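Colleague: So the sequences go chain by chain: Z and A.
Residues 9 to 259 in the numbering used here are what the first sequence spells out, letter by letter.
Residues 8 to 452 in the numbering used here are what the second sequence spells out, letter by letter.
We put the CB at the ideal spot given by N, CA and C, even for glycine.
On a predicted model such as this, the values are computed, not experimentally measured, just so you know.
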Amino acid sequence: MLKIDNLHVKLEDEDKQILKGLSLEVPAGEVHAIMGPNGSGKSTLSYVLSGRDGYEVTEGGASLDGEDLLEMEPEERAAAGLFLAFQYPVEIPGVGNMTFLRTALNAQRKARGLDEMSSGDFLKLVREKAKALKIDADMLKRPVNVGFSGGEKKRNEILQMAMLEPRMCIMDETDSGLDVDAMRLVADGVNALRSPDRSFLVITHYQRLLDHIQPDVVHIMADGRIVRTGGPELALEVEKNGYGDLLAEAD
Amino acid sequence: MAEAAVQTKDVTAPAAGARSVDALAARLDALAVPKGGFTAAARADALARLQAMGLPGPRDEYWRYTDPKAFNAPVPQPIPIEEKAPDSPLFTDLDRIVLVFVDGQFIAQESTDLAGQGLEIDILSAADQGADHWAADLYGVLETAGQNPVKRPFAALNTVAATDGVLIRVTGKAEKPVHILHRRGSADADVTWHHVIRLEEGAELTLLETGMVGARSNGMIEADLAAGAKLHHIAAKRAGHQKLGFSAIFARVATEAQFKSFTLSVNGTLMRHEGVIEFVGDDAVAHIAAAVLGDGAKGPFHHDDTVFVTHGAERCESRQVFKKVLKNGAKGVFQGKILVKPGAQKTDGYQISQALLLDEDSQFLAKPELEIYADDVVCSHGSTTGALDETALFYLRSRGVPRDRAIVLLVLSFLADALEEVEDEALRGQINDRLEAWLTRRAKI
Ligand SMILES: Nc1ncnc2c1ncn2[C@@H]1O[C@H](COP(=O)(O)OP(=O)(O)OP(=O)(O)O)[C@@H](O)[C@H]1O
Ligand SMILES: [Mg+2]
Numbered sequence: 009m010l011k012i013d014n015l016h017v018k019l020e021d022e023d024k025q026i027l028k029g030l031s032l033e034v035p036a037g038e039v040h041a042i043m044g045p046n047g048s049g050k051s052t053l054s055y056v057l058s059g060r061d062g063y064e065v066t067e068g069g070a071s072l073d074g075e076d077l078l079e080m081e082p083e084e085r086a087a088a089g090l091f092l093a094f095q096y097p098v099e100i101p102g103v104g105n106m107t108f109l110r111t112a113l114n115a116q117r118k119a120r121g122l123d124e125m126s127s128g129d130f131l132k133l134v135r136e137k138a139k140a141l142k143i144d145a146d147m148l149k150r151p152v153n154v155g156f157s158g159g160e161k162k163r164n165e166i167l168q169m170a171m172l173e174p175r176m177c178i179m180d181e182t183d184s185g186l187d188v189d190a191m192r193l194v195a196d197g198v199n200a201l202r203s204p205d206r207s208f209l210v211i212t213h214y215q216r217l218l219d220h221i222q223p224d225v226v227h228i229m230a231d232g233r234i235v236r237t238g239g240p241e242l243a244l245e246v247e248k249n250g251y252g253d254l255l256a257e258a259d
Numbered sequence: 008m009a010e011a012a013v014q015t016k017d018v019t020a021p022a023a024g025a026r027s028v029d030a031l032a033a034r035l036d037a038l039a040v041p042k043g044g045f046t047a048a049a050r051a052d053a054l055a056r057l058q059a060m061g062l063p064g065p066r067d068e069y070w071r072y073t074d075p076k077a078f079n080a081p082v083p084q085p086i087p088i089e090e091k092a093p094d095s096p097l098f099t100d101l102d103r104i105v106l107v108f109v110d111g112q113f114i115a116q117e118s119t120d121l122a123g124q125g126l127e128i129d130i131l132s133a134a135d136q137g138a139d140h141w142a143a144d145l146y147g148v149l150e151t152a153g154q155n156p157v158k159r160p161f162a163a164l165n166t167v168a169a170t171d172g173v174l175i176r177v178t179g180k181a182e183k184p185v186h187i188l189h190r191r192g193s194a195d196a197d198v199t200w201h202h203v204i205r206l207e208e209g210a211e212l213t214l215l216e217t218g219m220v221g222a223r224s225n226g227m228i229e230a231d232l233a234a235g236a237k238l239h240h241i242a243a244k245r246a247g248h249q250k251l252g253f254s255a256i257f258a259r260v261a262t263e264a265q266f267k268s269f270t271l272s273v274n275g276t277l278m279r280h281e282g283v284i285e286f287v288g289d290d291a292v293a294h295i296a297a298a299v300l301g302d303g304a305k306g307p308f309h310h311d312d313t314v315f316v317t318h319g320a321e322r323c324e325s326r327q328v329f330k331k332v333l334k335n336g337a338k339g340v341f342q343g344k345i346l347v348k349p350g351a352q353k354t355d356g357y358q359i360s361q362a363l364l365l366d367e368d369s370q371f372l373a374k375p376e377l378e379i380y381a382d383d384v385v386c387s388h389g390s391t392t393g394a395l396d397e398t399a400l401f402y403l404r405s406r407g408v409p410r411d412r413a414i415v416l417l418v419l420s421f422l423a424d425a426l427e428e429v430e431d432e433a434l435r436g437q438i439n440d441r442l443e444a445w446l447t448r449r450a451k452i
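1) Going along the chain, which unbroken runs of the beta strand (DSSP E) with 3 or more residues stay wholly within the region 46-119 of chain A?
2) Straight-line CA distance for K330(A) to L372(A)?
3) Taking 8 Å as the threshold, find out whether the region 111-121 of chain Z comes into contact with the region 401-408 of chain A through three or more Cβ pairs.
4) Excluding the five sequence neighbours on either side, which residues of its own chain have a C-beta within less than 7 Å of the C-beta of G123(A), listed in chain order?
5) Residues of the region 198-213 of chain Z in Cβ contact with chain A at a cutoff of 9 Å, in chain order, please.
6) Which full runs of the beta strand (DSSP E) of 3+ residues lie inside the region 85-149 of chain Z, going along the chain?
7) May I ask you to list, following chain order, the residues of the region 412-427 of chain A that have a beta carbon less than 9 Å from some beta carbon of chain Z?
8) Can you check DSSP and say which residues form a bridge with F308(A)?
9) So that I know if they touch, is there some Cβ in chain A lying closer than 8 Å to that of M165(Z)?
10) Run through the DSSP bridge pairs and tell me what W200(A) is partnered with.
11) Could you tell me which of C177(Z), K50(Z), N249(Z) sits nearest to G37(Z), measuring between CA atoms?
12) Along chain A, in chain order, which residues have C-beta atoms closer than 7 Å to that of V98(Z)?
13) For N46(Z), which of helix, strand or coil comes out of DSSP?
14) Using a C-beta cutoff of 8 Å, does V107(A) count as contacting chain Z?
15) Excluding five sequence neighbours on each side, which residues of the same chain lie with their C-beta closer than 7 Å to the C-beta of L148(Z)?
16) Below 8 Å on C-beta distance, what does A112(Z) contact in chain A?
17) Who pairs with E324(A) in a beta bridge, going by DSSP?
18) Under a Cβ-count criterion, where at least 16 other Cβ atoms within 10 Å of its own Cβ denotes burial, should N46(Z) be classed as buried or exposed?
19) With DSSP run on the structure shown, which of helix, strand or coil describes M179(Z)?
20) Between D196(Z), V225(Z), R216(Z), which lies nearest to K248(Z) when the distance is taken from Cα to Cα?
21) Show which residues of chain A have a CB atom less than 8 Å away from the CB atom of R175(Z).
22) Which first and last residues belong to the alpha helix (DSSP H) in which R192(Z) is found?
23) Where do the ends of the alpha helix (DSSP H) carrying D383(A) lie?
24) Decide if D110(A) is buried, meaning its Cβ has at least 16 other Cβ atoms within 10 Å, or exposed.
25) Answer with buried or exposed for P87(A), where buried requires no fewer than 16 other C-beta atoms within 10 angstroms of its C-beta.
26) Following a CB-centred definition, is L255(Z) positioned closer than 7 Å to any heavy atom of ligand 1?
27) Closest to L167(Z) by CA distance: which of D183(Z), E136(Z), R150(Z) is it?
28) Heavy atom of ligand 1 less than 7 Å from the Cβ of L133(Z), yes or no?
29) Does V65(Z) come within less than 8 Å of chain A when only Cβ atoms are used?
30) With H, G and I counted as helix, E and B as strand and the rest as coil, what does DSSP make of V154(Z)?
31) Could you work out which residues of chain A lie near D61(Z), taking near to mean beta carbons separated by less than 8 Å?
32) Just checking, does the region 89-105 of chain Z make contact with the region 40-57 of chain Z on the three C-beta pairs under 8 Å criterion?
33) Is there a Cβ from chain A that is less than 8 Å from the Cβ of L122(Z)?
34) Contact defined as beta carbons within less than 8 Å: I believe G301(A) pairs with H294(A). What is the distance between those atoms, to the nearest angstrom?
35) Between which two residues does the alpha helix (DSSP H) holding V415(A) run?
36) Quick check: what's the CA-CA separation for K18(Z) versus D231(Z)?
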């Protein structure tokens with residue numbers, strides 16, 4: 009599904025290389041986790057994959073089902089099935105959460121040649137998904153993420169994911185800021201979406217999330233590269249011993 | 008800061024220079040100035056005042072950001088009449104009294120019956136054949152009061168030269184809104200219209216204005232609100248890309264009355280709107296707001312809102328909310344003042360002016376002023392100029408919203424505070440749709 013090959017990325021405005029030959033493949037139906045020290049480039053990777061400005065790919069590439077992701081506009085990547093749950097969800101004053109969800113959903117449907125969803129069907133769908141994530145009607149009415157608590161923002165990201173039903177979901181530290189119960193809600197939300205033709209790339213610092221969302225593969229990222237790839241046991245190792253040994257080994 | 012309001016009627020002002028006397032004479036010559044019946048005295052007085060103050064120049068304090076040259080010229084450049092407006096007319100689905108003006112001249116055949124419950128309507132050009140009218144107490148009177156401390160030559164010119172307009176006296180709760188619909192007739196029309204609105208005690212009126220007027224226009228509303236009256240004024244102006252327009256609204260607001268004025272303005276080479284509001288009774292409310300869209304792609308765009316609110320009574324609330332969206336070298340100006348006179352305690356004054364610049368060529372100039380002579384008041388003002396929030400734009404696009412559509416959403420969200428000032432939800436919805444259509448059309452270019 010997602011294939012990243014020898015990706016080199018620098019900041020557009022600065023001579024700073026952040027990704028330094030990152031390769032990774034997530035087959036359909038699998039859940040991969042990325043762990044790595046602060047500043048190793050995990051968020052940068054997620055932004056570059058979803059098309060944010062300000063980065064320059066100097067070498068290598070990334071594709072979704074064989075299609076060159078880096079050639080596409082952000083909205084085209086979304087329509088192709090890519091979704092990023094942001095580490096820091098963005099507040100948009102003046103744009104209602106419902107308008108936002110509906111505009112996004114219908115734009116994607118249109119891009120895929122489908123009819124717009126009727127308001128009735130849409131409302132029903134939002135209510136159902138929001139209920140599962142314990143997002144109340146009041147939050148849906150408010151402007152996007154404005155005045156939401158940290159945990160509410162993260163749940164709102166998962167609500168969007170549940171509504172848009174992407175095939176490739178990237179989650180950047182969705183677990184940070186969540187209380188124990190919210191983490192379970194989010195994990196349930198993700199697990200409900202798991203299917204043979206949907207994949208996940210879960211960026212996290214903590215083993216705890218991976219107790220709830222069982223990964224097939226765990227990657228360790230450091231200084232802009234994947235330095236180790238293994239099974240779920242790798243996450244346990246990080247939890248127990250930190251990155252020191254793993255990174256020393258990689259060197 | 009302007010000087011404190013100590014001047015009385017300015018008859019001692021130094022005579023304007025010889026050049027500007029000639030310019031004013033040429034300006035007046037080019038207009039067909041009516042002699043006037045009940046307005047005759049007011050017109051003569053305005054002419055004397057105008058001759059004393061002269062036409063404005065770029066050195067005048069409130070004309071530094073806006074060059075009045077094109078307003079001063081004897082005649083405007085003709086502007087071809089568009090075959091068809093890009094949008095369908097607004098508010099047509101409402102049950103309303105419609106007054107149609109073509110090049111500023113009332114057209115009875117195209118208008119609805121003027122009779123309505125709770126109000127009486129006269130047409131200025133007809134009423135001015137006679138020597139008496141209730142509007143004689145107001146025509147040019149609020150304008151004169153509004154000349155102090157800031158000179159407003161084009162408002163005085165309007166009082167001198169207005170050829171038509173409506174005179175509305177509201178005695179109860181007007182059952183239907185009054186819709187003044189302007190249309191263009193000839194390419195070179197230079198139009199001066201003047202409305203007088205009087206709301207008696209406890210009366211209520213919704214006044215709608217739409218359409219285009221002339222190649223150049225000078226329009227004025229004098230609105231007098233008696234105790235407990237409510238006036239809700241909504242103007243949706245679409246100017247041509249070469250159009251010149253001056254407009255002014257003077258409001259006198261008595262005890263517990265509510266005055267709300269919202270203007271939507273798109274396009275226009277040179278537009279200036281002056282809002283002059285005075286509280287003369289306690290516990291009254293006045294809101295004045297505008298949403299302005301300017302695109303310099305099809306010709307220069309310059310839009311100036313100049314507002315002066317005088318708190319001369321206790322516990323009054325005033326709000327000024329001005330939002331401008333500018334692109335392709337468009338220029339926006341806001342000059343807004345809150346004056347709190349001695350004794351106007353518990354005044355609540357608020358003013359915000361904001362511009363969203365969609366590119367680096369566009370420009371916003373703001374001059375917010377507070378002048379306060381009472382000690383127990385809450386007044387605040389703020390002004391911001393900003394670009395589109397790139398992070399929000401990316402967030403929307405990452406959810407699949409195409410860039411153009413995402414920009415439209417963000418611009419609408421920027422304008423939302425100004426639109427909130429339109430109380431009626433249905434009317435607000437129509438204006439929002441109109442804005443959205445305009446923005447969507449532009450986004451594709
Ligand atoms: N726009 C930017 N300007 C300057 N430096 C940047 C920018 N974006 C990323 N960086 C730098 O690149 C490095 C990688 O940042 P990134 O946010 O991708 O790390 P991360 O792995 O997500 O870290 P964390 O675990 O703390 O979220 C950091 O050193 C960061 O400071
Ligand atoms: Mg990060």
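Modeller: On the basis of the data shown:
1) 104-109
2) In the second sequence, residue 330(A) corresponds to position 323, counting from 1. In the second sequence, residue 372(A) corresponds to position 365, counting from 1. If I take the Cα positions, the gap works out to 12 Å.
3) yes
4) Locating residue 123(A) in the second sequence gives position 116, counting from the first residue. Contacts found: I104, A181, E182, K183.
5) none
6) 90-93, 100-104
7) R412, A413, L416, L417, L419, S420, F421, L422, A423, D424
8) Locating residue 308(A) in the second sequence gives position 301, where the first residue counts as 1. According to DSSP, F308(A) bridges with nothing at all.
9) As a first step, residue 165(Z) must be located in the first sequence, where it is residue number 157. The residue you asked about is not Met; residue 165(Z) is Glu in the sequence shown. Chain A contact via Cβ: absent.
10) Locating residue 200(A) in the second sequence gives position 193, counting from the first residue. According to DSSP, W200(A) bridges with D171(A), G226(A).
11) As a position in the first sequence, residue 37(Z) is number 29, starting the count at 1. Selected option, being the one with the closest Cα: C177(Z).
12) Residue 98(Z) sits at position 90 when you count from the first residue of the first sequence. Simply T398, A399, Y402.
13) Residue mapping note: residue 46(Z) aligns to position 38 of the first sequence, counting from 1. Coil, per DSSP.
14) Taking the first residue of the second sequence as position 1, residue 107(A) is located at position 100. No - not a single Cβ of chain Z is within 8 Å of the one on V107(A).
15) Numbered from its first residue, the first sequence carries residue 148(Z) at position 140. Counting only Cβ-Cβ distances below 7 Å, and skipping sequence neighbours, we find N105, M106, V134, A138.
16) Position 104 of the first sequence holds residue 112(Z). Chain A residues near A112(Z): L403, R406, G407, V408.
17) On the second sequence, residue 324(A) is found 317 positions in, with the first residue counted as 1. Answer by DSSP bridge pairing, in chain order: V292(A), D355(A).
18) Counting from one through the first sequence, the residue named residue 46(Z) turns up at place 38. When all chains shown are included, N46(Z) counts as exposed.
19) One-based indexing of the first sequence puts residue 179(Z) at position 171. Three-state DSSP puts M179(Z) in a strand.
20) The sequence position of residue 248(Z) within the first sequence is 240, counting from 1. When each option's Cα is compared against that of K248(Z), the closest is R216(Z).
21) Within the first sequence, residue 175(Z) is the residue found at index 167, counting from 1. None at all; the shortest Cβ gap to chain A is about 13 Å.
22) By one-based count along the first sequence, residue 192(Z) stands at place 184. It spans 188-201 - the alpha helix (DSSP H) in which R192(Z) sits, taken as one unbroken run.
23) The count along the second sequence starts at 1 and reaches residue 383(A) at position 376. Unbroken run through D383(A): none, as it is neither H nor E.
24) Here the question's residue 110(A) lines up with position 103 in the second sequence. Classification for D110(A): buried.
25) Position 80 of the second sequence, counted from the start, is the residue given in the question as residue 87(A). Label assigned to P87(A): exposed.
26) Translated into the one-based positions of the first sequence, residue 255(Z) becomes position 247. Result no, Cβ not under 7 Å from ligand 1.
27) For the purposes of this step, residue 167(Z) is taken as residue 159 along the first sequence, with counting starting at 1. Taking only the C-alpha atoms, the option nearest L167(Z) is E136(Z).
28) Indexing the first sequence from 1 puts residue 133(Z) at position 125. L133(Z): no, Cβ never under 7 Å from ligand 1.
29) Position 57 of the first sequence, counted from the start, is the residue given in the question as residue 65(Z). So no, V65(Z) is outside the interface.
30) Sequence index remark: in the first sequence, residue 154(Z) carries index 146 (1-based). Coil, per DSSP.
31) Against the first sequence, residue 61(Z) aligns to sequence position 53. What D61(Z) touches in chain A: E397, F401.
32) yes
33) Sequence index remark: in the first sequence, residue 122(Z) carries index 114 (1-based). So no, L122(Z) is outside the interface.
34) Within the second sequence, numbered from 1, the residue matching residue 301(A) stands at position 294. Within the second sequence, numbered from 1, the residue matching residue 294(A) stands at position 287. The pair is not a contact, with the Cβ atoms about 23 Å apart (cut-off 8 Å).
35) The residue labelled residue 415(A) in the question sits at position 408 within the second sequence. Element bounds for V415(A): 410-426.
36) Numbered from its first residue, the first sequence carries residue 18(Z) at position 10. Numbered from its first residue, the first sequence carries residue 231(Z) at position 223. So the alpha carbons of these two residues sit roughly 13 Å apart.
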